[in-house]
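First the structure, in the form of structure tokens, and then the observations on it.
Protein chains: 2
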Amino acid sequence: MAAKTDGSGPVIPAAIESAWGLRERPPKGPRPGMSVPAIVDAAVRVADADGLAAVSMSRVAKELGAATMALYRYVGSKDELLMLMVDTGYGPSPGPPAPEDDWRAGLTRWAWAEHKVLRQRSWLLHVPISGPPITPQQLGWMEDGLRCLDGTTLGEGEKMSVLLLITGYVRNEATLTSQIAEGSRAAGVDPSEMMPAYGRLVARLIDPARFPALHRVLSAGVLYQDDDPDDEFVFGLDRILDGVEALIQRRAG
Amino acid sequence: MAAKTDGSGPVIPAAIESAWGLRERPPKGPRPGMSVPAIVDAAVRVADADGLAAVSMSRVAKELGAATMALYRYVGSKDELLMLMVDTGYGPSPGPPAPEDDWRAGLTRWAWAEHKVLRQRSWLLHVPISGPPITPQQLGWMEDGLRCLDGTTLGEGEKMSVLLLITGYVRNEATLTSQIAEGSRAAGVDPSEMMPAYGRLVARLIDPARFPALHRVLSAGVLYQDDDPDDEFVFGLDRILDGVEALIQRRAG
DNA sequence: CTAGTTCTGCGTATGGTCTACGCATAACAG
DNA sequence: CTGTTATGCGTAGACCATACGCAGAACTAG
Chain A
46 MAAKTDGSGP
56 VIPAAIESAW
66 GLRERPPKGP
76 RPGMSVPAIV
86 DAAVRVADAD
96 GLAAVSMSRV
106 AKELGAATMA
116 LYRYVGSKDE
126 LLMLMVDTGY
136 GPSPGPPAPE
146 DDWRAGLTRW
156 AWAEHKVLRQ
166 RSWLLHVPIS
176 GPPITPQQLG
186 WMEDGLRCLD
196 GTTLGEGEKM
206 SVLLLITGYV
216 RNEATLTSQI
226 AEGSRAAGVD
236 PSEMMPAYGR
246 LVARLIDPAR
256 FPALHRVLSA
266 GVLYQDDDPD
276 DEFVFGLDRI
286 LDGVEALIQR
296 RAG
Chain B
46 MAAKTDGSGP
56 VIPAAIESAW
66 GLRERPPKGP
76 RPGMSVPAIV
86 DAAVRVADAD
96 GLAAVSMSRV
106 AKELGAATMA
116 LYRYVGSKDE
126 LLMLMVDTGY
136 GPSPGPPAPE
146 DDWRAGLTRW
156 AWAEHKVLRQ
166 RSWLLHVPIS
176 GPPITPQQLG
186 WMEDGLRCLD
196 GTTLGEGEKM
206 SVLLLITGYV
216 RNEATLTSQI
226 AEGSRAAGVD
236 PSEMMPAYGR
246 LVARLIDPAR
256 FPALHRVLSA
266 GVLYQDDDPD
276 DEFVFGLDRI
286 LDGVEALIQR
296 RAG
């Protein structure tokens, strides 16, 4: 009931420990008929096909031809399963930066790699994350990001903050574009018509006297055009990297 | 079934229309015993007290002394209720920037205002947002943000992108700190012990040979200290604003 | 004043969720 | 061979959102 505070350190979910390869199978009892990776793979398959909302314990069990409750011998709860799904959903990190890359090129590639994963598996954005990363591959991503900043003048804490900033930006951008995509699918509208429709809606709702600046944006036609989402992504990323560059130069000078 | 595409424009949920003050009550039939604002207020009260997970239709109805199904006469679905909760949860926008503020001071205040709201009502972060903002107060926030950039050299589209960038950052930062808070409450650990515990955990899991950069961060003691979350917030915000400043100067020069 | 219409309140019921618990059985240790 | 321990999984409980339909209230038209 109380938090475990013995010498072993903080509590970790059992399935996470086994993801790190710690933990041996007890020698007694019947052989397990399934495995944690098989369950996680099945869950990822379901999420890829029908979205995160379709991932229920019974659905995953059906995918494996097993009974619902059988899964609970392998994962402690649905939340634990979700955590493992995130780990394998992201996949292996893109690897350390190429030797010829400076920090900016490295981080750009790093950000694009996450961007690409999130565009393909937008369900990752819907998983309620419940804490800082502790799974092997997630820490692998972090490691690769840190290496991009290796030669810079930044302190270790600053490096970490920069990565947090960038990964947060990537997630956020992906969330926005996936919402547009999902919204258009739900409304049965062509995705390229989504932003124009939004612009018309806002134009119909707002009073130009009360919302002058917004009205000006609408008049400029900004919301009506269906931009390339990648352009929007590049814009924000470049702003952030410009800000980081300013810091690096201040530290150097 | 198909999307409505008549002259009235895109479909909007009934309760949103009434939030904008459009829509008259039909003259016939019994007087409504409740009102949409009363329901939304009750739901916000529940979320404030017990978190978003506690907001179920039956719980909100109980709060009002009404029957569960009675609510569906006022809101079309739970999702619609959530959208309205977000609108009133954010509250009125902070107002236009002070005349003596330049764009940077204005946006800083704007960002802090959202930061403050999200710190007080962290359940706002858990509401699955399903599209671009269309409620009155949300567009009010947008309007105020745009006004901060009024005198700058940026194009209308760029202004919008900058706001998206900042609001995304604020949400992201708030998400991270609220996760730490919620995680520590769930584990029954003192919040100030949370990051140190995380640092120890990572140190126990990773192999320094496989994760050298991460190991260096740990050795620097970065994860062990319990930073002031506001410092972290300021760091990221300053980076972003530096990036925006670089753009503004490029456009000006 | 009456009849018709339309809206409200809400009870019932359906189908979904996660998961606590306990039992039968299988596999190993001694 | 016996005891111990793990597995597979059925049952059941406690929630959840919400579709549907009915009783009755409040208005309008005649």
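Going down the list, the protein sequences come from chains A and B.
According to our numbering, the first sequence is numbered sequentially starting from 46.
According to our numbering, the second sequence is numbered sequentially starting from 46.
For glycine and all other residues, C-beta sits at the position ideal for the given N, C-alpha and C.
Here the structure is a predicted model, which means the values were calculated and not measured.
When L170/B, D275/B and R296/B are compared against R216/B, the one with the closest alpha-carbon: Working through the second sequence from its first residue, we reach residue 216/B at position 171. Cα-wise, what sits closest to R216/B is L170/B.
Start-to-end residues for the alpha helix (DSSP H) that takes in A111/B: Locating residue 111/B in the second sequence gives position 66, counting from the first residue. A111/B -> no alpha helix (DSSP H), and no H or E assigned at all.
Q270/A to M240/A span [Cα, whole Å]: Locating residue 270/A in the first sequence gives position 225, where the first residue counts as 1. Locating residue 240/A in the first sequence gives position 195, where the first residue counts as 1. Between Q270/A and M240/A, the C-alpha separation is close to 7 Å.
Secondary structure of I61/B, DSSP reduced to three states: Taking the second sequence and counting its residues from 1, one reaches residue 61/B at position 16. The answer is helix: DSSP assigns I61/B an H, G or I state.
Cβ contact (3+ pairs, closer than 8 Å) linking the stretch 257 to 266 of chain B and the stretch 227 to 239 of chain B: no
Residue-chain proximity (D95/A, chain B), Cβ-Cβ < 8 Å: For the purposes of this step, residue 95/A is taken as the residue at position 50 of the first sequence. Output row for D95/A: interface = no.
Cβ pair count under 8 Å reaching 3, the stretch 86 to 103 of chain A against the stretch 121 to 135 of chain A: yes
Contact the stretch 178 to 197 of chain B vs the stretch 271 to 282 of chain B: 3+ CB pairs below 8 Å: no
Residue of L221/B, S80/B, Y135/B and L199/B minimising C-alpha distance to L116/B: Stepping through the second sequence from its first residue, residue 116/B is reached at position 71. Comparing Cα positions, the closest option is S80/B.
Own chain, CB closer than 6 Å to P34/A, minus 5 neighbours either side, in chain order: An answer regarding residue 34/A cannot be provided, because it is not within the stretch 46 to 298 covered by chain A.
Under 8 Å (Cβ pairs) to chain A, residues found in the stretch 64 to 91 of chain B: W65
Under 8 Å from the C-beta of V247/A: neighbouring residues of chain B: One-based indexing of the first sequence puts residue 247/A at position 202. Going along chain B in sequence order, the residues near V247/A (Cβ under 8 Å) are I179 and L184.
Min CB distance F256/B to chain A below 8 Å: The count along the second sequence starts at 1 and reaches residue 256/B at position 211. So, interface residue.
Spatial distance of M114/A from A98/A (CA atoms): To locate residue 114/A, count along the first sequence from 1; it is residue 69. To locate residue 98/A, count along the first sequence from 1; it is residue 53. Near 19 Å, if we compare the C-alpha coordinates of A98/A and M114/A.
Three-state class that DSSP yields for A98/A in the structure shown: The sequence position of residue 98/A within the first sequence is 53, counting from 1. Looking at A98/A - three-state DSSP - the assignment turns out to be helix.
Boundaries of the alpha helix (DSSP H) in which K73/A is found, first to last residue: Mapped onto the first sequence, residue 73/A falls at position 28. Here K73/A belongs to no alpha helix (DSSP H), and DSSP marks it neither H nor E.
Closest Cα partner of G74/A within the set I211/A, R118/A and Q165/A: Here residue 74/A refers to the residue found at position 29 of the first sequence. The shortest C-alpha separation from G74/A is found at R118/A.
Whole-Å CB distance - V247/B paired with L184/A, under 8 Å assumed: Taking the first residue of the second sequence as position 1, residue 247/B is located at position 202. Taking the first residue of the first sequence as position 1, residue 184/A is located at position 139. Contact holds; Cβ gap of about 7 Å.
L37/A versus A88/B, I285/B and Q294/B, residue with shortest Cα-Cα distance: Only positions 46 to 298 of chain A appear in the structure, and residue 37/A is not among them; the question remains open.
Contact belief for W168/A with Y135/A at Cβ below 8 Å, rounded distance in angstroms: Here residue 168/A refers to the residue found at position 123 when the first sequence is read from its first residue. Here residue 135/A refers to the residue found at position 90 when the first sequence is read from its first residue. At roughly 12 Å, the Cβ-Cβ gap does not stay under 8 Å, so W168/A and Y135/A are not in contact.
Minimum Cβ-Cβ distance from A265/A to chain B less than 8 Å: Working through the first sequence from its first residue, we reach residue 265/A at position 220. It does: the Cβ of A265/A has a partner Cβ on chain B nearer than 8 Å.
Spatially closest choice to W157/A from G213/A, P77/A and P173/A, by CA coordinates: Position 112 of the first sequence, counted from the first residue, corresponds to residue 157/A. With distances taken between Cα atoms, W157/A lies closest to G213/A.
P253/A burial status per 10 Å Cβ neighbour count (16 or more: buried): In the first sequence, counting from the first residue as 1, residue 253/A sits at position 208. With fewer than 16 other Cβ atoms within 10 Å, it is exposed.
Any non-hydrogen atom of the ligand NAP closer than 7 Å to P181/B Cβ: The ligand NAP is not among the ligands present in this structure, which contains no ligands whatsoever.
Minimum Cβ-Cβ distance from A300/A to chain B less than 8 Å: Missing from the structure shown is residue 300/A; chain A here goes from 46 to 298 and no further.
Straight-line gap, A87/B to G266/A (C-alpha atoms, nearest Å): Here residue 87/B refers to the residue found at position 42 when the second sequence is read from its first residue. Here residue 266/A refers to the residue found at position 221 when the first sequence is read from its first residue. Spanning the two alpha carbons is a distance of roughly 39 Å.
Proximity winner among A92/A, L208/A and A219/A, relative to E108/A (alpha-carbon distances): On the first sequence, residue 108/A is found 63 positions in, with the first residue counted as 1. Among A92/A, L208/A and A219/A, the Cα nearest to that of E108/A belongs to A92/A.
Entirely enclosed beta strand (DSSP E) segments - the stretch 142 to 179 of chain B, minimum 3 residues: none
Buried or exposed (CB count within 10 angstroms, at least 16 for buried), D95/B: Taking the first residue of the second sequence as position 1, residue 95/B is located at position 50. So D95/B ends up on the exposed side.
Residue range of the unbroken alpha helix (DSSP H) whose run includes F280/A: Counted from its first residue, the first sequence places residue 280/A at position 235. Taken as a continuous stretch (DSSP letters only), the alpha helix (DSSP H) holding F280/A covers P274 to A297.
Integer Cβ distance of G121/A from A64/A, believed to fall under 8 Å: The residue labelled residue 121/A in the question sits at position 76 within the first sequence. The residue labelled residue 64/A in the question sits at position 19 within the first sequence. Not quite, the Cβ-Cβ distance comes to about 13 Å (not below 8 Å), so this is no contact.
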